[in-house]
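Below is one structure, written out as structure tokens, with a few remarks after it.
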Amino acid sequence: GDLVMIDTARKQPSPPGIFILDDGVGLVAKRVDAVPNPPPPMLRLSSDNPAHSNYQRHLDEVHIIGQVIWFGRSLQ
5 GDLVMIDTAR KQPSPPGIFI LDDGVGLVAK RVDAVPNPPP PMLRLSSDNP
55 AHSNYQRHLD EVHIIGQVIW FGRSLQ
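Pasting the structure below:
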């Protein structure tokens with residue numbers, strides 16, 4: 005897996021970005037953005053990995069830990 009640095013003060017997905025969150029299943033790194041105008045507030049969660057489907061969650065079902073501000077990956 006990748007190494008990530010997280011800014012735990014950034015918990016609002018505005019502007020959209022990559023966040024570490026608990027989506028009710030476990031901790032995941034996802035691209036997060038708000039779904040426009042749905043009552044109740046919804047988030048769109050997507051992955052850069054095509055093997056993982058995009059999905060939506062109600063804002064109150066997701067606990068955002070923080071925004072990813074840096075990542076490192078092995079070249080091997």
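Each residue of the sequence shown is one higher than the one before, counting from 5 in this note's numbering. All residues carry an ideal CB built from backbone N, CA and C; glycine is no exception. It should be emphasised that the depicted structure is a prediction, and the values quoted were computed from it without experimental measurement.
Notebook entry, point to check: Buried or exposed: I73, going by 16 or more other Cβ atoms within 10 Å of its Cβ?
Noted result: Locating residue 73 in the sequence shown gives position 69, counting from the first residue. Burial call: exposed.
Note to self: Quick check on D37: does DSSP put it in helix, strand or coil?
What the structure shows: Here residue 37 refers to the residue found at position 33 of the sequence shown. Three-state DSSP puts D37 in a strand.
Check: Would the segment 59-78 and the segment 30-42 be scored as touching if the rule is three or more Cβ pairs under 8 Å?
Finding: yes
Note to self: Let me check you understand the geometry: is the CB of S57 closer than 8 Å to at least one non-hydrogen atom of the ligand FAD?
What the structure shows: Ligands displayed in this structure: none; no statement on the ligand FAD is therefore possible.
Check: Going along the chain, which residues of its own chain have a beta-carbon closer than 6 Å to the beta-carbon of R48, five neighbours each way excluded?
Finding: Within the sequence shown, residue 48 is the residue found at index 44, counting from 1. Counting only Cβ-Cβ distances below 6 Å, and skipping sequence neighbours, we find D37, V39 and Q60.
Item checked: Three-state class that DSSP yields for D6 in the structure shown -> Within the sequence shown, the letter at position 2 stands for residue 6. Coil.
Note to self: Comparing C-alpha positions only, which one of G21, I69, M46 and L7 sits nearest to G30?
What the structure shows: For the purposes of this step, residue 30 is taken as the residue at position 26 of the sequence shown. Ranking G21, I69, M46 and L7 by Cα distance to G30 puts I69 first.
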